[in-house]
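**Student:** Sharing a structure here in structure tokens format.
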Amino acid sequence: MVGMLESSLLTAQQLGGRFSILTPGERWPKMIEETVYDLGLARRCLAIEAINIEDLKLPTQREEMHRRLAETLIRHQKRLNPDVTIIGGAAFAGLANSLPAQHNSRLVDCFEAAILQCQALMQLGGESTRIL
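Those letters in the sequence shown? Residues 46 to 177, by the numbering used here.
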């Protein structure tokens with residue numbers, strides 16, 4: 046099985062030294078923090094920041110969600126200067142490529158990371174691989 050969080054953490058670890066995570070919803074940071082700790086990545090994780098989108102009606106207000114994410118990302122990168130920022134959560138899937146990244150920082154879309162890891166595993170012979 047391939048999880049979006051685990052795939053994006055692995056990708057962030059491979060792409061840079063320190064990473065941060067932006068996620069939709071207030072309930073996710075604690076769960077993400079536990080996984081980061083369990084995987085031994087806590088010292089490399091600069092921050093896990095929730096973006097409140099619970100008041101939005103998705104998908105009709107997707108542009109407002111994108112605006113909030115972009116504004117938070119800019120502040121987040123200026124404050125923390127991470128090597129990699131994970132754009133987490135299914136609600137944010139597909140948005141990383143349209144976001145402003147600092148020239149020295151990379152963005153990882155958690156859904157894209159999971160898809161690409163799944164494809165790699167399938168090519169390497171993991172026929173039973175599936176995305177969570």
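Just so you know, even glycine gets a beta-carbon here, dropped at the ideal spot from N, CA and C.
Give me the Cα-Cα distance between residue 97 and residue 115, rounded to the nearest whole angstrom.
**Tutor:** By 1-based counting over the sequence shown, the position of residue 97 is 52. By 1-based counting over the sequence shown, the position of residue 115 is 70. Computed Cα separation, rounded: 13 Å.
**Student:** Could you tell me whether any Cβ in chain D is nearer than 8 Å to the Cβ of residue 138?
**Tutor:** Looking for chain D here will not work: only one protein chain is present.
**Student:** Measuring straight from C-alpha to C-alpha, what distance separates residue 102 and residue 113?
**Tutor:** Within the sequence shown, numbered from 1, the residue matching residue 102 stands at position 57. Within the sequence shown, numbered from 1, the residue matching residue 113 stands at position 68. If I take the Cα positions, the gap works out to 14 Å.
**Student:** Measure how close the beta-carbons of residue 68 and residue 133 come, nearest whole angstrom, since I'm counting them as under 8 Å.
**Tutor:** Reading the sequence shown from its first residue, position 23 is the one you call residue 68. Reading the sequence shown from its first residue, position 88 is the one you call residue 133. The Cβ separation is near 4 Å, so the contact holds.
**Student:** Going by the beta-carbon positions, is the gap between residue 147 and residue 122 smaller than 8 Å?
**Tutor:** One-based indexing of the sequence shown puts residue 147 at position 102. One-based indexing of the sequence shown puts residue 122 at position 77. It is a contact, given that the beta carbons lie within the stated cut-off.
**Student:** Please list, in chain order, all residues of the same chain as residue 105 whose beta carbon is under 8 Å from its beta carbon, the five residues on each side excluded.
**Tutor:** The residue given as residue 105 occupies position 60 in the sequence shown. Once the five neighbours on either side are set aside, residue 105 has no close Cβ partner at all.
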